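Chains as they are written, first to last, in the working numbering: chain L, 3 to 346; chain C, 256 to 795.
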């Protein structure tokens, strides 16, 4: 789809911001946007996620097909690469942990440089770096949001906030901003990088679909509205907490005067949640089930069972000898049935 | 069509257009980049559906009237049977990390050869036919309906993927395009749309036991020709064994190696090696194929061909099976055989009768790779070797895709080479071991009419060989794969004409000091050894 997909995605995000703007500002539908939308989004998210993962789980893994990225275990004097070519569940666990926590495969990334029929390979760690920054800052931002859903606020959330806020306090030229959080900025920056590379790198632009641009734009706008609320266009934070605590205690009421920006933020988050199970964002649970990564390469040592192993028609030796017996005997090859019996 | 000169093929544009999407790109089935349609007789012989004559360049592929339902039901069925397929349809984020990892993309610049787009060819139909969003929003979410154009695109591009799995090394979710291609080819086979370079070997293998269709007496004769060559060049008479009951070990290797240069020298190498160590083994004319082109057809067809290995081992009453040098053969043995046709309880855990080593890693499948076996022999000092006979060779090693990425056999062949050759050089990082490049003709794409695509697809491999040739004077490309031995010589001829292709066991045999042998004046190819090598030998 390439570049035109971007236009569609961008238009969709604008519409998604206008809906709560009009709804809250003009029609004062605060209960709908503050209570109904979050509940509906969470319900769709959870149900969709569970249904999708169950569907995956229902398809068996007929063959043991790990991609081996290192030396196999053969003889004791040859050093095995137990992480990239795991042979038991423990080493699979290490491989998976590195994959999920450190994006190990992406770390391998190389960039091809093609000059006059010569292929050169350079290191290419930017995608890995920004993908990692994106996911971890997103995680920190999510965890920080626990302060809206807990009372008292758990110590680790406060600790995280302190760490997160520590680095950027008083950094020029933002000295006038209160308690700057690193994670929000990193999230915004990393998401923007991931977005820009889809425009700038010709091959990635070419493969990008509307549903590649859309979640990135959505997240960028979620982060941006969040940052705006925190630093520039303040909303009534006490009223927000009243609402969010109401949501977790199933006693939600939208208080007066929170500010429309909050509802835009929430609507975008709701969209992201509801969109998640039907989209490529399912890569998050998917990686856990990936058969090329989560299986040990031990299928020569331990038999892997295929639950639907089909019965097939083979060409057995008898049929073979039946056809070639005469020629075999002539050539001095041993046969199971002597020629006299086999011949017509 | 003659393949253009290397200078022409070296010009590749990797920049896709700005505004036109890949779905709008017309499909061009270009001569030199597609394989001939399957001979309907071959398709019919093994009972695969809808055998019919058709021409890939024609408008009408003579599909059955309900072809669309056949394919869609086939997809539905496979989504339920293979988690890999279902998952890989759902989780790609199109990050593009795989894009420049494919040798066919590097060599052709055709964006639909980027692994991500190759998979999108199928994924777009999955979304368009099986998901709500795809049905509602179609193009917006990269979804489309199954049409004849789509089907032709599948055929063209799934037979322009060698299932090498290089992209899956780099994918952050382990999405393996080989799995997608395997599924795509299974679906095409439901309509009889195989290529002949796969379909006819499959039929041959089913009937005669090997891809080439060598009948038992011919197989034996060919081996005897090679034994005569050994007698001439080495001076040792070797007694061959075929279909011998009660042998300890059954040896199975691809039939390509008994048939064509330079594979035959590896075949000679096997016979010399086994004679040298006095191995109690047999060949089989029934299980006379290590490779498995069924793997490139459907998982059922793979199982049907593979079944002969265990069946023959059982009939002959051997203890275990030793397998020769081959690429995809070893992916099938390592990742599929025991699951499909096991458990092979009638065999014993493989134990080298020479060294006593028990191959624990193969205790269930009961099949050991010749490089593992040879490395163990060398490690225990059981081979009498004179590596200086290979001194005129400057050797590099090409990791075959499947032993590298579907097994992880990286060090064993290197250990063997380093013990039989004095000059070994690695190709650059990023082109070897798990990141090795395909020869350009794997997964059944070694057809003559496919020459242009093979030269393009093999370019990254050849480029790395050229690099070590220029830097270290490398003149020999060693490999452990019969398909490589067929595809790499023309590739080298085209891109790096000074480099010859050898099998690892050929190198072993040339260095092997056999009991009662002649003074070696030539190698197994009958090529005279350089004088200084002979001098050293005379001193011994």
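Each residue gets a CB set at the ideal place from its N, CA and C atoms; glycine is no exception.
Bear in mind the structure is a predicted one, so any value in this text is a computation, not a measurement.
Is residue i near the ligand ZN, in the sense that its beta carbon is under 7 angstroms from a heavy atom of that ligand?
i             : result
residue 10(L) : Questions concerning the ligand ZN fall outside what the structure shown contains, since it holds no ligand whatsoever.
Between which two residues does the alpha helix (DSSP H) holding residue i run?
i              : result
residue 405(C) : 403-413
residue 187(L) : 184-202
residue 512(C) : 511-514
residue 299(L) : Careful: residue 299(L) lies outside any alpha helix (DSSP H) and carries neither H nor E.
residue 320(L) : 319-332
residue 233(L) : 212-233
residue 398(C) : Neither: residue 398(C) is in no alpha helix (DSSP H) and is coded neither H nor E.
residue 604(C) : Looking at the DSSP string, residue 604(C) is not in any alpha helix (DSSP H), and its letter there is neither H nor E.
residue 388(C) : 387-392
residue 289(L) : 285-291
residue 718(C) : 714-727
residue 749(C) : 737-750
residue 60(L)  : 39-60
Please tell me whether residue i has its Cβ less than 8 angstroms away from any Cβ of chain L.
i              : result
residue 465(C) : no
residue 342(C) : yes
residue 667(C) : yes
residue 594(C) : yes
residue 601(C) : no
residue 396(C) : yes
residue 351(C) : yes
residue 470(C) : yes
residue 361(C) : yes
What span of residues does the beta strand (DSSP E) with residue i cover, start to end?
i              : result
residue 381(L) : Chain L is shown only over 3 to 346; residue 381(L) falls outside these bounds and no answer can be derived.
residue 653(C) : 650-653
residue 504(C) : 504-507
residue 734(C) : 731-734
residue 117(L) : 112-117
residue 756(C) : 755-758
Please classify residue i: does DSSP put it in a helix, a strand, or coil?
i              : result
residue 697(C) : coil
residue 363(C) : helix
residue 308(C) : coil
residue 166(L) : helix
residue 138(L) : helix
residue 624(C) : strand
residue 536(C) : strand
residue 420(C) : coil
residue 789(C) : Confidence at residue 789(C) is low in this model, with a pLDDT of 48, below 50, so the placement of that residue should be treated as unreliable; the coordinate-derived value is given next. Helix.
residue 563(C) : helix
residue 372(C) : helix
residue 576(C) : strand
residue 783(C) : strand
residue 81(L)  : coil
residue 315(L) : coil
residue 794(C) : Residue confidence for residue 794(C) is low, a pLDDT of 44 falling below 50, so the modelled location carries little weight and cannot support an answer.
residue 345(L) : Note on residue 345(L): pLDDT 49, under 50, position unreliable in the model; no value is reported.
residue 767(C) : strand
Counting only beta-carbon separations shorter than 8 angstroms, does residue i have a partner in chain C?
i              : result
residue 153(L) : no
residue 344(L) : Residue placement at residue 344(L) cannot be trusted, given a pLDDT of 47 that sits under 50; what the coordinates show is reported in the next sentence. Not one chain C Cβ lies under 8 angstroms of residue 344(L).
residue 349(L) : The structure shown has nothing for residue 349(L), since chain L only spans 3 to 346.
residue 324(L) : no
residue 191(L) : no
residue 272(L) : no
residue 69(L)  : yes
residue 301(L) : yes
residue 75(L)  : yes
residue 238(L) : no
residue 27(L)  : no
residue 147(L) : no
Determine whether the Cβ of residue i lies closer than 8 angstroms to any Cβ atom of chain D.
i              : result
residue 664(C) : No chain D appears in the structure shown, which is made up of the protein chains L and C.
Legend entry - Contiguous alpha helix (DSSP H) assignments of at least 4 residues, all confined to the segment 243-282 of chain L: Secondary structure in the segment 243-282 of chain L: the alpha helix (DSSP H) runs of 4 residues or longer, each lying completely within the stretch, are 262-277 in chain order.
Inset, instruction - For the segment 428-494 of chain C, list the alpha helix (DSSP H) runs that are entirely contained and at least 4 residues long, ordered along the chain. - result: Runs of the alpha helix (DSSP H) inside the segment 428-494 of chain C: 432-444, 451-463, 471-488.
Legend entry - Cβ pair count under 8 angstroms reaching 3, the segment 64-73 of chain L against the segment 413-432 of chain C: Segments in contact, yes.
Inset, instruction - Assess, as a yes-or-no matter, whether the segment 552-569 of chain C is touched by the segment 476-488 of chain C under the definition of 3 or more beta carbon pairs within less than 8 angstroms. - result: Verdict: no, contact absent.
Inset, instruction - Indicate whether the contact test is met: 3 or more Cβ pairs, each with one atom in the segment 513-525 of chain C and one in the segment 732-741 of chain C, closer than 8 angstroms. - result: Here the segment 513-525 of chain C lies against the segment 732-741 of chain C, with 3 or more beta-carbon pairs under 8 angstroms apart.
Legend entry - Whole runs of the beta strand (DSSP E) within the segment 636-695 of chain C, excluding any shorter than 3 residues: Segments of the beta strand (DSSP E) lying fully in the segment 636-695 of chain C: 650-653.
Legend entry - Cβ contact check for the segment 289-301 of chain L and the segment 249-267 of chain L: 3 or more pairs under 8 angstroms: Contact between the segment 289-301 of chain L and the segment 249-267 of chain L is not established, with fewer than three Cβ pairs separated by less than 8 angstroms.
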